[in-house]
């Protein structure tokens, strides 16, 4: 009888330890993802040419003054963003990313879908979690 109680106490302790380890791992992944995102955008800010190009395209909407080479640069940038957002979606669907990062990432992907179509990166939409937000066929 005493050994059964000891086993039960051991299992309860193990479950508590596993939950703590899972929470710590999730926190570390979230922090690493955030640091990577900040580093990525800090590098764009430091590159005056690319920073100016991004302002021209995303804020001033002056598409006529963007050269083909610059559109190619924007396309590569958007492909990297799509890859990052695909990772957020993949992690979020498995419960491996904080919901406070997952939800804005999906909204961001939803806002980017039309430009992605225009750039030839993605086409069409599918329902994802009951929302038209990401084109899963091109994100998986």
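Numbering (our numbering), first residue to last: 11 to 150. Every residue gets a Cβ at the ideal spot worked out from N, C-alpha and C, and that includes glycine.
- Note that the C-beta distance between residue 63 and residue 72 is not below 8 Å.
- Here the C-alpha atom of residue 52 lies approximately 33 Å from the C-alpha atom of residue 30.
- A Cβ-Cβ distance of about 7 Å is found for the pair residue 106 and residue 36, placing them in contact under the 8 Å criterion.
- Of the other Cβ atoms in all chains shown, 16 or more fall within 10 Å of the Cβ of residue 115; this residue is therefore buried.
- The beta carbon of residue 88 sits closer than 8 Å to those of 122, 125, 126, 129, 131, all from its chain and outside the five residues before and after it, given in chain order.
- CA-to-CA, the gap between residue 94 and residue 20 works out to about 40 Å.
- Distance from the CA of residue 118 to the CA of residue 12, rounded to the nearest whole angstrom, comes to 56 Å.
- Each residue's CA atom was taken as its position, placing residue 33 and residue 79 some 45 Å apart.
- Residue 60 is positioned such that its CB atom lies closer than 8 Å to that of residue 83.
- In the three-state scheme derived from DSSP, where H, G and I count as helix and E and B as strand, residue 104 is classed as coil.
- Counting C-beta atoms within 10 angstroms of its own C-beta, residue 46 has fewer than 16 neighbours from the protein chains shown and is therefore classed as exposed.
- The alpha carbon of residue 44 has as its nearest neighbour, out of 120, 103, 97, 23, the alpha carbon of 97.
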